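Under our numbering, residues 24 to 455 are what the sequence shown spells out, in order.
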Amino acid sequence: MLYWLYRVIGSTLFFLFYPILLLIIRFQSHDGQGLRQRIGIVPPLDPPGKGCAARVWIHAASVGEVGAASVLIRELAAAGEVIDFIVTTMTVDGRRVAGKQLPAHVNCLLAPLDVPWVARRVINNIRPDIYACLETELWPALLAELRKAGVRAVLLNGRVTERSFTRYALGRSLFGPLLGGFSEIAVIRGEDGERFSRLGVDGGRIRVTGNMKYDFPDEDTEAVRRKYREILGVDGEDVFVCGSTRTGEEQILADVYRQLAAERDRKVVWIIAPRHLKRVPEVLSLLTGRGLGYDLFTELAGRGRSRDVVVINCLGELSRLYSAGDYNFVGGSLVDRGGHNIMEAARWGRPVYYGRGLKDFSDAADLLERYGAGFRVADGDELAAAILGHMRERTAYVQACRNAVRAVATQRGAARKQASIILGLLEEKREN
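Next comes the structure, spelled out in structure tokens:
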């Protein structure tokens, strides 16, 4: 009944606004490209070429999930399978980052509207063999049409927070059948698996695999660090990186920076990356009001850094910019926004600091704190005290760096386990 209502309401609204969407496509070429993809106007793709095992459609909601898609594609390629990949994102920023980070042969599109007619059109044009949904991004019409078309679907990096479980439980008559459409579900933690079971998923289709977002490729971390410190024009200075900051946090962090910069015999460079680029002007205004001069990251290549504050005004750089940091703070956590991926900062072997509002990444916080690499603070004063403590006690700081390396190492293998699910389905397809 719920799906029927969802389908009727969605289809009615779509066909009411369809003429307007066509007019926008006709007269606004920039917006029109994305809208074409949203309403299913995707050029038909040829079948995978000779020697290609299959076409896999990976759906990644936004920028964070694009990182997980990159790891998954890397693992599937390492297995020796030649696969044609289509990656869809819900956000324009996600598509932009996907185009930048993923291999050139990967087709990056905006996800279609969740309307049966649109979903059917996209499926017919893409002709996927497998649909891999990253995290719990459930679109009822799309999943129903995939099932009708005989496309195997898998849910990877699945998780159900306490907050979302309550919502899913209320709509169990809708979400239960949806989840039943997945051939297999790979979950991050045992608790996630238990919640999926309580929503009606057969336990035999659930695998606990760990989090692909925390399974980073082997890299020469010191080489990456040297590269980004050179871009930033940093030599002996301490670097304080604040990533994915949200409204209300920059004021607090400006005060923290003042305290760090006042430390005797230390020079501190502050790197600040707002979560959303549209907030960059707001952050620049705040810095000006505080009497803090700044450089924009995109302008460093031309003239180098001339000030001690750098604002990141582009997408796709933050996860590697953390490598340049000595003290890395991850935002969305001093305010009640659930936090962001603290493992992106920990991977570079430096301690990570964050607020108490890290509800969405509590598993990562528990891991880092267990190893002595994550430091949860209540406010700006506690953040400044934690960092100053590490500045003054180098033995404790060096140990925290080692602890970060050890904690991240425990997460290796999640991508390989999840890639094996897709490889198993491909093997079944070959045998049938």
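The beta carbon of each residue, even a glycine, is placed where N, CA and C say it ideally should be.
Keep in mind that this is a model prediction, so the values were computed, not measured.
Quick one: which unbroken beta strand (DSSP E) runs of 3-plus residues sit fully inside the region 280-359? Chain order, please. The qualifying runs are 291-297, 332-334 and 350-353.
Nearest neighbour of alanine 246, chosen from Ala432, Leu357, Trp371 and Ala209 [CA to CA]: One-based indexing of the sequence shown puts residue 246 at position 223. Of Ala432, Leu357, Trp371 and Ala209, the residue nearest in Cα terms is Trp371.
Rounded separation between threonine 244 and serine 346 - CA only: Reading the sequence shown from its first residue, position 221 is the one you call residue 244. Reading the sequence shown from its first residue, position 323 is the one you call residue 346. Using only the alpha carbons, I get a separation of about 7 Å.
Would you tell me roughly how many angstroms separate the C-alpha atoms of arginine 373 and valine 306, rounded to the nearest one? For the purposes of this step, residue 373 is identified with residue 350 of the sequence shown, where counting begins at 1. For the purposes of this step, residue 306 is identified with residue 283 of the sequence shown, where counting begins at 1. Annotation: arginine 373 to valine 306 spans about 26 Å, alpha carbon to alpha carbon.
Applying the criterion that 16 or more other CB atoms from any shown protein chain within 10 Å of the CB defines a buried residue, is threonine 321 buried or exposed? Sequence index remark: in the sequence shown, residue 321 carries index 298 (1-based). Result: exposed.
Can you check whether the CB of tyrosine 350 is closer than 8 Å to the CB of aspartate 261? Within the sequence shown, the letter at position 238 stands for residue 261. Within the sequence shown, the letter at position 327 stands for residue 350. In contact: aspartate 261 and tyrosine 350 (Cβ atoms closer than 8 Å).
Is DSSP giving asparagine 148 helix, strand or coil here? For the purposes of this step, residue 148 is taken as the residue at position 125 of the sequence shown. Correct three-state label for asparagine 148: helix.
Measuring straight from C-alpha to C-alpha, what distance separates valine 141 and isoleucine 62? The residue given as residue 141 occupies position 118 in the sequence shown. The residue given as residue 62 occupies position 39 in the sequence shown. Using only the alpha carbons, I get a separation of about 6 Å.
Going by alpha carbons, who is nearest to arginine 186 out of Ser385, Arg78, Pro200 and Ile208? For the purposes of this step, residue 186 is taken as residue 163 along the sequence shown, with counting starting at 1. That would be Ser385, whose Cα lies nearest to the Cα of arginine 186.
Based on DSSP bridge pairs, tell me the residues matched to tyrosine 154. As a first step, residue 154 must be located in the sequence shown, where it is residue number 131. Tyrosine 154 pairs with Trp80 and Ala176.
Please check the pair valine 115 and glycine 57, which I expect to be a contact at CB under 8 Å, by giving their CB distance rounded to whole angstroms. As a position in the sequence shown, residue 115 is number 92, starting the count at 1. As a position in the sequence shown, residue 57 is number 34, starting the count at 1. Rounded to whole angstroms, the Cβ separation of valine 115 and glycine 57 is 6 Å, and the two are in contact under 8 Å.
What separation, rounded to the nearest whole angstrom, lies between the Cα atoms of serine 342 and glutamate 450? Mapped onto the sequence shown, residue 342 falls at position 319. Mapped onto the sequence shown, residue 450 falls at position 427. Approximately 35 Å between the Cα atoms of the pair.
For tryptophan 162, which residues from the same chain have a beta carbon less than 7 Å from its beta carbon, with the 5 sequence-adjacent residues on both sides left out? Position 139 of the sequence shown holds residue 162. Only Asp137 meet the Cβ criterion.
Asparagine 130 - containing beta strand (DSSP E), residue span: For the purposes of this step, residue 130 is taken as the residue at position 107 of the sequence shown. For asparagine 130, the enclosing beta strand (DSSP E) stretches over residues 130-133.
Between the region 401-416 and the region 279-288, are three or more C-beta pairs nearer than 8 Å? Between the region 401-416 and the region 279-288, the count of Cβ pairs shorter than 8 Å is three or higher; the stretches touch.
Pull up the distance between the alpha-carbon of valine 334 and that of histidine 413, whole angstroms please. Taking the sequence shown and counting its residues from 1, the one referred to as residue 334 is at position 311. Taking the sequence shown and counting its residues from 1, the one referred to as residue 413 is at position 390. Answer to the nearest angstrom: the Cα atoms are 24 Å apart.
Compare the Cα-Cα distances from alanine 285 to each of Ala324, Asp318, Val257 and Asp331 and report the closest residue. Within the sequence shown, numbered from 1, the residue matching residue 285 stands at position 262. Nearest of Ala324, Asp318, Val257 and Asp331 to alanine 285, Cα basis: Asp331.
Can you tell me which of Gly87, Leu319, Pro66 and Thr159 puts its alpha carbon nearest to the alpha carbon of alanine 176? Sequence index remark: in the sequence shown, residue 176 carries index 153 (1-based). The shortest C-alpha separation from alanine 176 is found at Thr159.
Is it right to say glutamate 454 is buried, meaning 16 or more other beta carbons lie within 10 angstroms of its own, or is it exposed? The count along the sequence shown starts at 1 and reaches residue 454 at position 431. Looking at its Cβ environment, which holds fewer than 16 other Cβ atoms inside 10 Å, glutamate 454 is exposed.
If we call anything under 8 Å between Cβ atoms a contact, is glycine 325 one with serine 356? Indexing the sequence shown from 1 puts residue 325 at position 302. Indexing the sequence shown from 1 puts residue 356 at position 333. In this structure, serine 356 does not lie closer than 8 Å to glycine 325 by Cβ.
Report the rounded CA-to-CA distance for arginine 439 versus isoleucine 365, giving the unit in angstroms. Indexing the sequence shown from 1 puts residue 439 at position 416. Indexing the sequence shown from 1 puts residue 365 at position 342. When rounded, the distance between both Cα atoms is 21 Å.
Sorted by chain position, which residues of the same chain lie with C-beta nearer than 7 Å to cysteine 337's C-beta, five sequence neighbours on each side aside? Here the question's residue 337 lines up with position 314 in the sequence shown. In the same chain as cysteine 337, and ignoring 5 residues on each side of it, the C-beta atoms closer than 7 Å to its own belong to Phe320 and Thr321, in chain order.
What would DSSP say about valine 120, mapped onto helix, strand or coil? If you number the sequence shown from 1, residue 120 lands on position 97. In the three-state reduction of the DSSP assignment, valine 120 falls in the helix class.
According to DSSP, is threonine 112 helix, strand or coil? As a position in the sequence shown, residue 112 is number 89, starting the count at 1. The answer is strand: DSSP assigns threonine 112 an E or B state.
According to the Cβ coordinates, are alanine 369 and aspartate 238 closer than 8 Å? By 1-based counting over the sequence shown, the position of residue 369 is 346. By 1-based counting over the sequence shown, the position of residue 238 is 215. No; because the gap between Cβ atoms is not below 8 Å, this pair is not in contact.
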